Amino acid sequence: MRITLLIFAMSLGSLVLWPSLPSFFALVFTALLFIVIVFLVFKTGRYRCALQMVAALALGVLIAGVHGHSVMDDLLPSVCSHQQVQFSGRVIGLPKYAHVRTEKLGQFLVDVHAIDAASLSSCPSLSRIIGSRVQMRWYAVPVQLIPGAVWHFDAKLTRPRGQSNPYAADYQLSLMKKGIVAQGSVARAELIAHSREGLAGLRYRWRDFLLTEQVFQDVSDVLVALTIGDSSFLTSSVRNLFQRTGTSHLMAISGLHVGIMALCGYWIGRVFAALLLMLSLRCHIFLFNARVLASLVSLFFAAMYAALSGFALPTQRALIMVALFLFSKLTAKHWSLFDVWLYALVMVLLINPLQAADGGFYLSFLAVFVLVIATSSRRVIKETTFTRLQRWVRPQLAIFIGLLPLSLFLFGGLSSVSVLANSLAIPWVTVSSVPLSLLSFLFWCIDPLWANWLLTGAALSLRWLLSLLTWIDGLFSNLGWIDFELTPSLLFVVSGLALALLVPAPARLKASMVVFVAAIAVAESQLRQSVFSSERRITIFDVGQGLAVLIEADGERLLYDTGPPLGEHTDAFTQIVLPYLRFHGRMALNALVVSHDDADHAGGVTRLSERVVVAAIFAGEPSATRPRLGAPTIWMQNCNTDTSVHQIGSTGRYYFNSAGAALEGNDASCVLRVEFPELHLLLPGDISSQREATLSWPEREDASAFRLLVVPHHGSQSSSSYLLLQQFKPDLAVVSAGYRSRYGHPHEQVLHRLRSLRVETLNTALDGAIQLRWLPNQAVQIFRWRETEKHFWFDG
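Residue numbers (my numbering): 8 to 803.
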């Protein structure tokens, strides 16, 4: 039965790997197959186990396929995308604010109530999104957006779409998981009805109260995160502290917090039932025994805390686990903890199979699974102070070891002090911070004055927590967060060691497992070196309206530009380029070229300097770029005055087309030429046609080499002149631009020039990341990431 449930869960989760959705006839055939198999299971006793597994597989595929079609049908139709739409809707969730340049940007969700007749007449399919969620952005928002308020919007709606890059998260999939069917940019809006006070309104007022109260100003962001799950106000220093100490999960309403509240509710329910019995009020509880009442109160507490977070996906998973555990106890089902874990896994995927693409999904269930193993294998020994301490530290150590492979895979590193930090922080948060924070919220709902004393205690508790974590971080300042260069062999070895340490088995079997894993890892490493070390790669990342190009040869790497910022707390380098560097096993660059200081090219320089070792930096505007560096001691050269020829790999070289140091702005861009015997690459940055006319060219060109041009200035009309195209003679031109860029990139005139010269043209906005690979003396292969890693939610 357990294997059947696992197969069912895996078939549900496989939806995120499907390149396309099955047709209606394929789904009907799968349904008929399931019915036939179920009939055979009940009709014959032979091969029952095998038939049950096949039936579970068929049912899982059928449900996943139906869910996939349902999700895609709910999205804003492509024919209605990028149209101005007038509609009314209610603001839901907590609005968030950011500052873009000098403007205040409001980001919020809207539940669509009605669409104006004029908009429906232009696109009747818009009726599909009524009753669905739309993610809105409002630049220069003039008012505070309050949850529950009804507005009439005039906004441009777009179908959800994200970038497509190797090893990077899929933004479009993350929106679909949350049930968001469209994105919108507000042009005008009119308030129709004021907010109705509800839980969302309470959350909003509580957040506003904490953020404006001067007494708690130093920990207000942490209080907001801990009570309502909104971590958007956490400062960078606090975020980094929690990351380095491995305690980030404490500042989000996660399974730990929901479990704490369920446990508190259970004991409160038991005490309440005991009081009723003591008062001889059995008539009031004749339908319930003490355990039933305690379980109901426990579930109520867990559900209310989950509601405070807006029923975020992690709290949904935790709530399902709590409900199933309580159900098994109430109904006297002989379920082990593993059975509860397995049923919860199936329930979560049954509700939303797309959660299988969420890293938090695997962290949650793997952590619980490790705890089940750790507690089930515990021996009963004499109780002493040491054994009590061991009983508390052992689960933390087990979670650290069990989650180590997944943490390396998802985050590219680990906190070496997480066991110590969590062993001290979890009991403190459990006993002090969470109860005081939630009690202060409850009293504040009655009267804000009542909450001051409790809030003072909660703030003091959090100050002590931050001081403790700061002390631990300072004590192990050089050993806090450790970045790892990921390779399959490393992940394989770490996974094998984790299994050997956690799974109960004879010592000889564990030793054999470790030896086997080590042998496989060594073989994989040797094979990887022999096959991939000689491969050259050029990757033009899909970073939206920006540029980031990575050149790799013989273990050496050159990065040209870092892409744009993506909000206040992250950027394209961190989200897109850094995962690629991690998974290719080397967190170092031989050279970084920052073409010029515009944000869409230099937006990730600061975080790059913090996370990656860089041997040399070239910049078109060094005086403007230098303040972005987290490590100002790194040597930087003006590329426009550099006349040297530099080596990359055994057969490659690169050099700059010098233009003098007097240039500024776009025309100061580093014009980089990279030459291999098999391929020549030109990276001209954002130069205009005036600068193109001044470029110098080698007297002799290798006519047999494949010629790749990254189109200047994202395909702007002011660049890519006939002179440049005729002199370089590209075989392939790649445009790096945002999808349906508001700047109109690439311009139709540029595309016409390329077509007239019969140059094949690719666009990262349409094709995803573009990667060129080749071996010495062999032909160049071109990979378009939206085709290489195709998913059913990708549009054309």
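Every residue, glycine too, gets a C-beta built ideally from N, C-alpha and C. Source: prediction; values computed, not measured.
DSSP, read as helix, strand or coil, puts Val718 in coil.
Counting along the chain, Ser474 sits inside the alpha helix (DSSP H) bounded by residues Ala458 to Leu482. Residue state for Ile453 is assigned as helix, using DSSP reduced to three classes. Annotation for Gly67: no beta strand (DSSP E) segment contains it, though the alpha helix (DSSP H) segment containing it runs Arg55 to Asp81. Under the DSSP assignment, Val436 falls outside any alpha helix (DSSP H); it carries neither an H nor an E label. Residue pairing by DSSP places Val556 opposite Ile547 and Tyr567 in a beta bridge. The DSSP-derived three-state label of Gly191 is strand.
One thing to note: Glu628 has its Cβ no nearer than 8 angstroms to the Cβ of His608.
Between Gly138 and Met183, the alpha-carbon positions lie close to 15 angstroms from each other.
Within 10 angstroms of the beta-carbon of Met328 lie 16 or more other beta-carbons, which makes it buried. In the assembly as shown, Met268 is a buried residue. Its beta-carbon has 16 or more other beta-carbons within 10 Å. Pro26 sits exposed, since fewer than 16 C-beta atoms from the chains shown fall within 10 Å of its C-beta.
The straight-line gap separating the alpha-carbon atoms of Ala319 and Glu685 is approximately 51 angstroms. For Trp25, no alpha helix (DSSP H) segment is defined, and its DSSP state is neither H nor E.
Residue nearest to Gly672 within the set Ser703, Ala631, Tyr661 and Leu284 is Ala631 (criterion: CA-CA distance). Asn784 counts as exposed, since fewer than 16 other beta carbons sit within 10 angstroms of its beta carbon. No Cβ-Cβ contact shorter than 8 angstroms links Leu116 with Arg135. Taking a C-beta distance under 8 angstroms as the contact criterion, Gly236 and Gly205 do not qualify as a contact pair. Under the three-state reduction of DSSP output, Phe790 falls in the strand class. Leu282 counts as exposed, since fewer than 16 other C-beta atoms from the protein chains shown sit within 10 angstroms of its C-beta. Going by beta carbons, Leu217 and Ser227 fall inside the 8 angstroms limit. Between Ala71 and Ser21, the C-beta gap is smaller than 8 angstroms, which places the two residues in contact. Here the alpha carbons of Leu349 and Ala16 stand approximately 9 angstroms from one another.
Counting every other CB atom within 10 Å of its CB across the protein chains shown gives Gly751 a total below 16, marking it as exposed. Rounded to whole angstroms, the gap between the alpha carbons of Ser423 and Ala432 is 15 angstroms.
The distance from the Cβ of Ile558 to that of Ile547 is about 10 angstroms, inconsistent with a contact at the 8 angstroms cut-off.
If you ignore the 5 residues before and after Leu504, its C-beta comes within less than 7 angstroms of the C-beta of Val521, all in its own chain and listed in chain order.
Looking at His759, Leu378, Leu66 and Leu34, the one whose alpha-carbon comes closest to that of Val400 is Leu378. Asn645 has Ala626 as its beta-bridge partners, per DSSP. For the region 220-288, the full-length alpha helix (DSSP H) segments reaching 4 residues or more read 227-235, 243-252 and 262-285 along the chain. Here Leu233 has Ser444 as same chain residues with Cβ atoms under 6 angstroms from its own Cβ, once five neighbours each way along the sequence are excluded. Per DSSP, the unbroken alpha helix (DSSP H) holding Glu755 starts and ends at Glu755 to Ser763.
Around the C-beta of Gln552, 16 or more other C-beta atoms lie within 10 Å, and the residue is accordingly described as buried. Assignment of beta strand (DSSP E) within the region 665-717, counting only whole runs of 3 or more residues, yields 679-682, 686-690 and 713-717 in chain order. In this structure, DSSP gives Asn770 an extended state, which the three-state scheme calls strand. Distance between Gln724 and His754, taken at the CA atoms: about 6 angstroms.
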